[in-house]
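Take a look at the structure set out below.
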Amino acid sequence: MLLRFCDEIVMLIDGGKPMRQNQWKKAGLTVLSAVFMGSLSLAAAGTGIPALAATKDVAVTEYDEAALEKFKDNTLEYWELPGLIERYNTDYQNQLQKYYYNPGGSTGLTKDQMSALAADLRAEADELENDADDLKNDSSTRSEYKEYRTNMHALRAYAQQLEDTANGKKNGGSALRGLRIARNEKTKTAREAMRTYETLKDQYDIAVLNQEIAKQNYEAALKKKDLGMMSTEDVLTVEDALNSANGSALQAASSLNSQKQTLITMLGWEYNADPEITKVPEPDLTVIDSFDPKKDEAKAIEMNYTLYDTRMAKASSSGGAVKKARNIKDQEDSIRSSLDLMYQDVKQKQKAYEASETLYGAAKADKAAADRKNALGMMSRQEYLQAESAWLSSEASHTAAKLDLTGAIENYQWALEGLLDIGSSSQS
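Each residue of the sequence shown is one higher than the one before, starting from 594 at the first, in this note's numbering.
Right, here's the structure in full:
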């Protein structure tokens, strides 16, 4: 059986209440009959992960035995994050148990409230059907007629979902959506935490090396003082530098350990556990070629969680249909502009990453030369430490460019999966 990270296709009909013809035109909106498909399809992008396969609606992804064993090997790899979240994250597991206990419970509504909302949605669908019938025989409004009919069916489908849940029939669409959102958000957070950990690891390595260099300098200063070649005041200055380096190393170690505990505890390890944390893979530059903000904005708008909630809000509780339409349009525009900015950020960071590749290659050559000289006894300890310092700085710069680009790519992909922050869904 293939390894499956993205096994869930959760299809939730967007029941956002359509306006009458003149209201939608006034708001400048395109009516969307949104079909929400839950997936972790971007989990593989840029990480060397096997291709993902979608299957039927289920609450938890299925993995083959090899993957399940990898989760338990006390080594943390970037591709494992979605699976570790699903299986070991406490918050997600608690939400999963609530789903199993009451699949429809994540609506947050009582039975009467769900029934009342379903009735409201059906009433709006009926009104929309009447408006659509007025356009039926007019060829100039044929496309609008089709849009109205599509949204009418969407409203009734969501109303049916609410009615089924209220009546206790098996219906986990809303709960599955909640699980998908939680899983995606926690996976995104875990990836950010793992990238931060790698940054802090580089900073720690540099701090430890600087500590050793400062120690070497201090020992050399003491020898010079004994030979009368350095004053006591100058030695104290070198000693201050050593104390500062010691403090920086301690702070770097503390920050690294704190980040490590944050990361591993959200993935199921006990506090103070010591798993091996591998490096984040190099980004896959080919995936950037598939990005097109103009083409992708439709999906980003369709999938956005906040916009979904805005669409689903009752017009009567949103300040009226026209105000709701205005809020929807504002949020759609926000998504479009944000997606374009994200794309520009990806391209900018791609250039920085490619430039860092060239510098990194030169730094590797310098490091190899220093290693050869050191092995032949052609460098002093201090000279070699300085060469090592230059190497670590170059490596850290390359890592920063790698992580920045990886983050930018994933932010764009997450936006297409609904995780684009456009502010509150409240109708102000």
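By construction, the Cβ of each residue, glycine as well, lies at the ideal position given by its N, Cα and C atoms.
Whole-number beta carbon distance between residue j and residue i, since they are thought to touch under 8 Å
i, j, result
"A741", "L721", "Correcting the residue type first, residue 741 is Tyr in the shown sequence and not Ala. The Cβ separation is near 5 Å, so the contact holds."
"A893", "L932", "5 Å"
"M745", "A718", "5 Å"
"I870", "K853", "7 Å"
"D964", "A983", "Between A983 and D964 the Cβ distance is about 13 Å, and since that is not below 8 Å, they are no contact."
"G1000", "R788", "6 Å"
"E1010", "M896", "6 Å"
Sub-8 Å separation of residue i and residue j beta-carbons
i, j, result
"A866", "Y797", "no"
"L985", "L835", "no"
"G676", "A660", "yes"
"L769", "L714", "no"
"A989", "Y946", "no"
"N682", "L860", "yes"
"L996", "V831", "no"
"R929", "E890", "yes"
"E673", "K665", "no"
"G818", "T825", "A quick correction: the sequence has Lys, not Gly, at residue 818. A contact, by the Cβ cut-off of 8 Å."
"K779", "Y898", "no"
"A906", "K922", "no"
"Q804", "L978", "no"
"A961", "T855", "no"
"L1013", "P876", "no"
"A956", "S987", "yes"
"P868", "N687", "no"
Closest Cα partner of residue i within the set the options
i, options, result
"D757", "P886, A783, A747, S708", "S708"
"D882", "T743, A752, Q943", "Q943"
"V939", "V873, D959, Y977, A1008", "A1008"
"Y864", "P874, N850, D877", "N850"
"E1003", "S982, E981, L952, Y936", "Y936"
"I678", "E662, K781, D657, I799", "K781"
"S927", "Y977, G1016, R904", "G1016"
"E812", "V828, I799, S824, T903", "V828"
"L772", "T879, I799, A712, K691", "K691"
"A752", "M787, A716, E778", "A716"
"G954", "T992, R974, K922, A914", "T992"
"E925", "Y901, G840, Q941", "Y901"
"I857", "D657, Y656, T654, E670", "E670"
"R680", "E655, N667, T668", "E655"
"D885", "S973, Y1005, A968, N687", "Y1005"
"Q754", "V915, A980, A712, N839", "A712"
"N839", "R974, D705, I799, R904", "I799"
"S837", "Y790, T879, W862, I806", "I806"
"S848", "Q688, Q941, D795", "D795"
"Q706", "T743, D731, N760, Q975", "N760"
"I774", "K729, L689, E976", "L689"
Range of the contiguous alpha helix (DSSP H) that encloses residue i
i, result
"P886", "886 to 896"
"I675", "Before going further, note that residue 675 is Pro rather than Ile in the sequence given. Note, P675: alpha helix (DSSP H), 674 to 681."
"S973", "Run containing S973: none; DSSP gives neither H nor E here."
"L661", "658 to 664"
Check: residue i C-beta below 7 Å from any heavy atom of the ligand ADP
i, result
"K944", "In terms of ligand content, the structure shown is empty, and the ligand ADP therefore cannot be addressed."
Which runs of the alpha helix (DSSP H) at least 4 residues long sit entirely within the region 724 to 804? Give them in chain order.
If we require 4 residues or more, the alpha helix (DSSP H) runs fully inside the region 724 to 804 come out as 735 to 759.
Taking the runs of the alpha helix (DSSP H) that are 4 residues or longer, which of them lie wholly in the region 823 to 888?
825 to 858, all fully within the region 823 to 888.
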